[in-house]
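In our numbering, the protein residues as written are 208 to 327.
Glycine included, each C-beta is placed from N, C-alpha and C at the ideal position.
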Amino acid sequence: ANIVNKPINANWTMYHALKGGFDVSLDLDSRALDNKGRRKCYRFEVQGPNAWGILERLNGGPIEGFKFFGMGEIGIAGRKVRALRHGMAGAAGLELFGPGGGRRRRAAGCRIQDLFHRGP
208 ANIVNKPINA NWTMYHALKG GFDVSLDLDS RALDNKGRRK CYRFEVQGPN
258 AWGILERLNG GPIEGFKFFG MGEIGIAGRK VRALRHGMAG AAGLELFGPG
308 GGRRRRAAGC RIQDLFHRGP
(Lines of atoms letter the chains of each structure in order from A and count residues from 1; the text may use other names and numbers.)
(Lines give C-alpha, C1' and ligand atoms only; values in the text may rest on other atoms or scores of the structure.)
Protein backbone atom coordinates (compact mmCIF):
# COMPACT_ATOMS: atom_id res chain seq x y z
CA ALA A 1 0.00 0.00 0.00
CA ASN A 2 1.09 3.54 -0.63
CA ILE A 3 -0.17 5.83 2.13
CA VAL A 4 -0.25 9.43 1.01
CA ASN A 5 -1.08 11.83 3.80
CA LYS A 6 0.41 13.48 6.82
CA PRO A 7 3.21 11.55 8.58
CA ILE A 8 0.94 10.74 11.53
CA ASN A 9 -1.16 8.45 9.29
CA ALA A 10 1.86 6.47 8.12
CA ASN A 11 3.11 6.28 11.71
CA TRP A 12 -0.27 4.93 12.89
CA THR A 13 -0.26 2.31 10.13
CA MET A 14 3.33 1.27 10.87
CA TYR A 15 2.64 0.98 14.59
CA HIS A 16 -0.41 -1.25 14.11
CA ALA A 17 1.28 -3.37 11.44
CA LEU A 18 4.21 -4.07 13.76
CA LYS A 19 2.18 -4.53 16.96
CA GLY A 20 -0.51 -6.60 15.26
CA GLY A 21 1.92 -9.29 14.18
CA PHE A 22 0.92 -8.99 10.51
CA ASP A 23 3.09 -10.57 7.81
CA VAL A 24 3.97 -7.29 6.08
CA SER A 25 7.07 -5.34 5.20
CA LEU A 26 7.16 -1.58 5.62
CA ASP A 27 9.22 1.01 3.78
CA LEU A 28 8.84 4.64 4.82
CA ASP A 29 9.05 7.20 1.99
CA SER A 30 8.62 10.50 3.81
CA ARG A 31 7.32 13.60 2.07
CA ALA A 32 9.86 16.02 0.63
CA LEU A 33 9.82 18.30 3.68
CA ASP A 34 10.91 15.40 5.90
CA ASN A 35 13.10 13.51 3.43
CA LYS A 36 16.61 14.64 2.51
CA GLY A 37 17.02 11.91 -0.12
CA ARG A 38 15.06 11.10 -3.25
CA ARG A 39 11.44 10.08 -3.04
CA LYS A 40 10.57 6.55 -4.10
CA CYS A 41 7.15 7.69 -5.32
CA TYR A 42 5.68 10.96 -6.51
CA ARG A 43 2.17 12.34 -6.21
CA PHE A 44 1.09 15.39 -8.16
CA GLU A 45 -2.43 16.82 -8.15
CA VAL A 46 -3.86 18.84 -11.03
CA GLN A 47 -7.01 20.53 -9.75
CA GLY A 48 -9.06 23.64 -10.44
CA PRO A 49 -11.28 25.13 -13.13
CA ASN A 50 -8.65 24.70 -15.91
CA ALA A 51 -7.41 21.28 -14.78
CA TRP A 52 -9.32 19.06 -17.20
CA GLY A 53 -8.32 21.12 -20.25
CA ILE A 54 -4.69 21.06 -19.16
CA LEU A 55 -4.79 17.31 -18.56
CA GLU A 56 -6.35 16.67 -21.99
CA ARG A 57 -3.64 18.77 -23.64
CA LEU A 58 -0.98 16.76 -21.83
CA ASN A 59 -2.72 13.54 -22.82
CA GLY A 60 -2.91 14.59 -26.48
CA GLY A 61 -6.68 14.15 -26.59
CA PRO A 62 -9.84 13.54 -24.57
CA ILE A 63 -9.63 11.70 -21.26
CA GLU A 64 -12.50 9.24 -21.09
CA GLY A 65 -13.61 6.39 -18.87
CA PHE A 66 -12.59 7.88 -15.53
CA LYS A 67 -15.42 7.58 -13.03
CA PHE A 68 -15.27 9.61 -9.82
CA PHE A 69 -12.57 8.08 -7.61
CA GLY A 70 -11.78 5.68 -10.44
CA MET A 71 -8.24 4.92 -11.55
CA GLY A 72 -6.69 4.69 -14.98
CA GLU A 73 -3.81 5.95 -17.10
CA ILE A 74 -3.11 9.02 -19.21
CA GLY A 75 -0.10 9.92 -21.35
CA ILE A 76 2.30 12.71 -20.42
CA ALA A 77 5.55 13.40 -22.29
CA GLY A 78 5.43 9.99 -23.98
CA ARG A 79 4.93 8.06 -20.74
CA LYS A 80 1.95 6.29 -19.22
CA VAL A 81 1.01 7.86 -15.90
CA ARG A 82 -1.33 6.32 -13.30
CA ALA A 83 -4.13 8.63 -12.23
CA LEU A 84 -6.99 8.84 -9.75
CA ARG A 85 -9.95 11.03 -10.65
CA HIS A 86 -11.42 13.32 -8.06
CA GLY A 87 -12.15 17.00 -7.83
CA MET A 88 -11.84 20.01 -5.63
CA ALA A 89 -14.39 22.82 -5.44
CA GLY A 90 -16.64 21.16 -8.01
CA ALA A 91 -14.03 20.95 -10.80
CA ALA A 92 -12.77 17.62 -12.15
CA GLY A 93 -9.09 16.86 -11.67
CA LEU A 94 -6.60 14.03 -11.41
CA GLU A 95 -4.06 12.89 -8.86
CA LEU A 96 -1.05 11.55 -10.76
CA PHE A 97 1.37 9.13 -9.14
CA GLY A 98 4.14 6.66 -9.80
CA PRO A 99 7.81 5.89 -9.16
CA GLY A 100 9.84 8.96 -8.22
CA GLY A 101 13.00 10.40 -9.73
CA GLY A 102 14.30 10.60 -13.26
CA ARG A 103 14.78 13.47 -15.71
CA ARG A 104 11.75 12.57 -17.83
CA ARG A 105 9.48 12.60 -14.79
CA ARG A 106 10.79 16.00 -13.73
CA ALA A 107 10.33 17.27 -17.31
CA ALA A 108 6.72 16.05 -17.30
CA GLY A 109 6.15 17.85 -13.98
CA CYS A 110 7.58 21.06 -15.44
CA ARG A 111 5.29 20.70 -18.49
CA ILE A 112 2.26 20.37 -16.20
CA GLN A 113 3.27 23.47 -14.24
CA ASP A 114 3.87 25.44 -17.44
CA LEU A 115 0.41 24.58 -18.79
CA PHE A 116 -1.18 25.30 -15.42
CA HIS A 117 0.20 28.84 -15.42
CA ARG A 118 -0.74 29.48 -19.08
CA GLY A 119 -4.11 27.71 -18.96
CA PRO A 120 -5.58 25.13 -21.33
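Item, Value
"By Cβ distance below 7 Å, which residues in the same chain neighbour G227 in space, the five residues on each side in sequence not counted?", "none"
"G289 to E280, Cα distance in whole Å?", "Rather than Gly, the amino acid found at residue 289 in this sequence is Arg. In a straight line, the C-alpha of R289 is about 5 Å away from that of E280."
"To which residues does DSSP link P306 through a beta bridge?", "C248"
"In angstroms, rounded to a whole number, what distance separates the CA positions of A224 and R292?", "29 Å"
"DSSP three-state call for A284: helix, strand or coil?", "coil"
"Please look up how many angstroms separate the CB atoms of G255 and G300, rounded, as I've assumed it's under 8 Å.", "7 Å"
"Grouping DSSP H, G and I as helix and E and B as strand, with all else coil, what is G260?", "helix"
"Any idea what DSSP makes of A296, helix, strand or coil?", "coil"
"Given E181, which residues of its chain have a CB within under 6 Å of its CB, disregarding the five upstream and five downstream residues?", "Outside the shown range of the chain (208 to 327) lies residue 181, about which nothing can therefore be said."
"Distance check for R286 and L265, CA to CA, integer angstroms please.", "11 Å"
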